[in-house]
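What follows is one structure encoded as structure tokens, with my remarks underneath.
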Amino acid sequence: MKYAALTGISPSVIAELKSGKARTLELNSAHNIITLTETAPGECIFVTSVNEEDLSPGDPGIMVDLLALNISMRRIEVANPFFYEERERMSARIKVQFRGMTIARDVEGRKWGDPTKVEIIRSACYRAG
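Note that this note's numbering has the sequence shown beginning at 0, numbered continuously upward.
Here's what the structure looks like:
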């Protein structure tokens, strides 16, 4: 089965997720937001510190349950006496909870605009909780 993959996540964030408490993350990277557009709360997601370009079979990561998902656009305005600038910034806020450790078996979605998906090696030992 293929799972959405969030890549380039800080190792300290992954370590905190391993404690088992549900945490809210804010993601700004375009490739992770594109991946999240094809997910829904209740699904499992693969999370790794490996960058999207470097993700390959055998890379370690964790599986998390997606509890909540919110993708939003923010407008940022900058003004000074010489110019007025308006920008838009898209971000995704997700609430996730640790499920277990795993390893990527296969990776797909290497083209720009495609969600990153991985097939994982299922764990033989699960965490009770």
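For each residue, glycine too, the CB sits at the ideal point set by N, CA and C.
Quick caveat, the model's predicted, so the values are computed rather than measured.
Asked, Found
"Whole-Å CB distance - Leu16 paired with Val63, under 8 Å assumed", "6 Å"
"Proximity below 7 Å, CB of Thr38 to CB of Ala3", "yes"
"Other residues of its chain near Val77: CB distance less than 6 Å, five sequence neighbours each side excluded", "Glu84"
"Limits of the unbroken alpha helix (DSSP H) element including Pro10", "10-16"
"Local Cβ density within 10 Å of Ala132, reported as buried at 16 or more and exposed below that", "In the structure as shown, the chain begins at 0 and stops at 128. Residue 132 is therefore absent and cannot be evaluated."
"Top-ranked residue by Cα proximity to Pro56, from Thr115, Asp105, Trp111, Ile120", "Asp105"
"Boundaries of the alpha helix (DSSP H) in which Glu34 is found, first to last residue", "Checking the sequence, you will find Thr at residue 34 rather than Glu. Where Thr34 is concerned, the enclosing alpha helix (DSSP H) stretches over 29-35."
"Neighbour-count burial assignment, Ile120, 16 or more Cβ in a 10 Å radius", "exposed"
"C-beta contact flag for Val46 and Ile93 at 7 Å", "no"
"Euclidean distance between Cα positions of Ile75 and Arg88", "7 Å"
"Buried versus exposed, by CB contacts within 10 Å (16 or more), Ala67", "exposed"
"Thr101 - partner residues in DSSP beta bridges", "Gly60"
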